[in-house]
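To start, the structure under review is shown below, and the notes come after it.
Protein chains: 2
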Amino acid sequence: MRQQILVDMDGVLADVYAQLIIFEHRDSGIKLNIENMYGKTELEAFPSFEKHVRSKGFFRTAPLIPGSIEGLKYLNEKYNVLIVSSATEFPQSLNEKEEWLSEHFPFITWEQMIFCGRKDSIRGNIMIDDHPKNLSTFDGERYLFAQPHNMCVPDRNYHRVSGWQDIIRLL
Amino acid sequence: MRQQILVDMDGVLADVYAQLIIFEHRDSGIKLNIENMYGKTELEAFPSFEKHVRSKGFFRTAPLIPGSIEGLKYLNEKYNVLIVSSATEFPQSLNEKEEWLSEHFPFITWEQMIFCGRKDSIRGNIMIDDHPKNLSTFDGERYLFAQPHNMCVPDRNYHRVSGWQDIIRLL
Chain W
380 MRQQILVDMD
390 GVLADVYAQL
400 IIFEHRDSGI
410 KLNIENMYGK
420 TELEAFPSFE
430 KHVRSKGFFR
440 TAPLIPGSIE
450 GLKYLNEKYN
460 VLIVSSATEF
470 PQSLNEKEEW
480 LSEHFPFITW
490 EQMIFCGRKD
500 SIRGNIMIDD
510 HPKNLSTFDG
520 ERYLFAQPHN
530 MCVPDRNYHR
540 VSGWQDIIRL
550 L
Chain P
380 MRQQILVDMD
390 GVLADVYAQL
400 IIFEHRDSGI
410 KLNIENMYGK
420 TELEAFPSFE
430 KHVRSKGFFR
440 TAPLIPGSIE
450 GLKYLNEKYN
460 VLIVSSATEF
470 PQSLNEKEEW
480 LSEHFPFITW
490 EQMIFCGRKD
500 SIRGNIMIDD
510 HPKNLSTFDG
520 ERYLFAQPHN
530 MCVPDRNYHR
540 VSGWQDIIRL
550 L
């Protein structure tokens with residue numbers, strides 16, 4: 380039987396930092412620099428975080444993380460893939476996330492999508508996520524997808540991956 | 380630690396049969412009779428099932444199953460409740476279901492909501508659902524919520540409940 384792998388959306392498939400930088404620039408004219416965000420939470424890095432992620436179109440038009448299409452295709456041929464995304468905190472994101480996923484990853488079926496609040500009741504063998512809070516309650520293999528907010532998180536409990544090329548190499 | 384209970388939406392909280400009868404009457408003038416539907420699947424009972432459930436507003440304006448508000452409030456005080464709803468097959472239902480749930484059950488937080496395709500990867504101790512296909516892969520206690528389509532399903536693998544008064548009595 381294939382192993383089941385839980386793949387996060389924001390910060391793993393969708394480039395939320397790039398989108399936050401675009402929205403900040405659009406709204407205030409300020410060009411934020413990603414190097415200044417290492418080790419800060421998303422809320423610390425983006426004072427208007429809440430406003431942006433609740434804006435219409437934020438999730439629908441998010442740029443892709445480089446290599447995510449090929450990478451997810453690779454996983455989907457080898458594993459039982461479930462896309463598990465925190466979405467109910469920002470309810471308008473639900474339809475936007477489903478549409479975005481179906482547009483960019485048409486090989487992912489509706490049966491492979493889970494939109495939730497917390498991820499600690501979803502079963503799997505492997506989890507890829509950029510948030511330690513999601514990985515910490517997971518009892519399988521844990522892959523921490525590098526993002527500025529998790530740069531200072533110690534790696535002892537996770538396999539840290541710097542991008543999709545790492546995932547393909549390791550999995 | 381509290382036991383975790385997975386509660387289905389359609390057919391347990393939302394009265395999908397009542398809504399299908401309303402939509403059928405609105406569209407074709409035909410008044411369908413629920414007694415003629417016993418033992419038939421929803422697709423057999425409602426020839427326009429697919430059209431109705433994909434209609435704007437179908438889930439947003441669904442009537443409540445009698446006793447569901449008091450019943451869910453009762454469970455929510457005693458158990459760790461997760462609302463687990465099949466939604467991604469009909470993507471427009473995602474936002475409608477979240478809004479409907481938040482309107483009628485404001486004591487359910489965003490952290491307690493899961494919208495998915497299949498339910499076989501959601502962990503819990505108890506599951507309440509009207510579809511045997513969801514209960515059959517669940518490894519905890521299984522409660523089959525009576526609906527016309529499951530009238531002929533044998534009860535040997537499930538506790539059959541005829542409504543929310545039964546749930547409150549048994550759980």
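So the protein lines, in turn, are chains W and P. With our numbering applied, the first sequence covers 380 to 550. With our numbering applied, the second sequence covers 380 to 550. Cβ atoms here follow ideal geometry from the backbone N, Cα and C, with glycine treated the same way. The model shown is predicted, which means the values in this text are computed figures rather than measured ones.
8 Å Cβ cutoff, residue i in contact with chain P
{"i": "S500(W)", "result": "yes"}
{"i": "I384(W)", "result": "no"}
{"i": "G436(W)", "result": "no"}
{"i": "F402(W)", "result": "no"}
{"i": "M388(W)", "result": "no"}
{"i": "F494(W)", "result": "yes"}
{"i": "G503(W)", "result": "yes"}
Simplified DSSP assignment, three categories, for residue i
{"i": "N504(P)", "result": "coil"}
{"i": "R405(P)", "result": "helix"}
{"i": "R548(W)", "result": "helix"}
{"i": "S472(W)", "result": "helix"}
{"i": "M380(P)", "result": "coil"}
{"i": "S447(W)", "result": "helix"}
{"i": "A397(P)", "result": "helix"}
{"i": "V432(W)", "result": "helix"}
{"i": "L411(W)", "result": "coil"}
{"i": "M492(W)", "result": "strand"}
{"i": "S551(W)", "result": "Nothing about residue 551(W) can be read from this structure; chain W reaches only from 380 to 550."}
{"i": "N529(W)", "result": "helix"}
{"i": "L385(W)", "result": "strand"}
{"i": "Y458(P)", "result": "coil"}
Rounded separation between residue i and residue j - CA only
{"i": "T420(W)", "j": "C495(P)", "result": "28 Å"}
{"i": "I384(W)", "j": "L454(W)", "result": "8 Å"}
{"i": "S541(W)", "j": "L523(P)", "result": "46 Å"}
{"i": "R535(W)", "j": "V463(W)", "result": "24 Å"}
{"i": "Y417(W)", "j": "K452(P)", "result": "43 Å"}
{"i": "I400(P)", "j": "N415(W)", "result": "58 Å"}
{"i": "Y537(P)", "j": "Q382(P)", "result": "18 Å"}
{"i": "G519(W)", "j": "G503(W)", "result": "7 Å"}
{"i": "T516(W)", "j": "G390(W)", "result": "19 Å"}
{"i": "D394(W)", "j": "Q526(W)", "result": "10 Å"}
{"i": "S447(W)", "j": "H528(W)", "result": "20 Å"}
{"i": "W489(P)", "j": "E468(W)", "result": "5 Å"}
Neighbour flag for residue i against chain W, beta carbons, 8 Å
{"i": "I507(P)", "result": "no"}
{"i": "R497(P)", "result": "yes"}
{"i": "W479(P)", "result": "no"}
{"i": "L392(P)", "result": "no"}
{"i": "E429(P)", "result": "no"}
Exposed unless 16 or more other CB atoms sit within 10 angstroms - verdict on residue i
{"i": "I409(W)", "result": "exposed"}
{"i": "H404(W)", "result": "exposed"}
{"i": "P442(W)", "result": "exposed"}
{"i": "I493(W)", "result": "buried"}
{"i": "K476(P)", "result": "buried"}
{"i": "F425(P)", "result": "buried"}
{"i": "N412(W)", "result": "exposed"}
{"i": "K498(W)", "result": "buried"}
{"i": "G450(W)", "result": "buried"}
Test: residue i CB closer than 8 Å to a CB of chain A
{"i": "P470(W)", "result": "Of the chains in the structure shown, none is chain A; the protein chains are W and P."}
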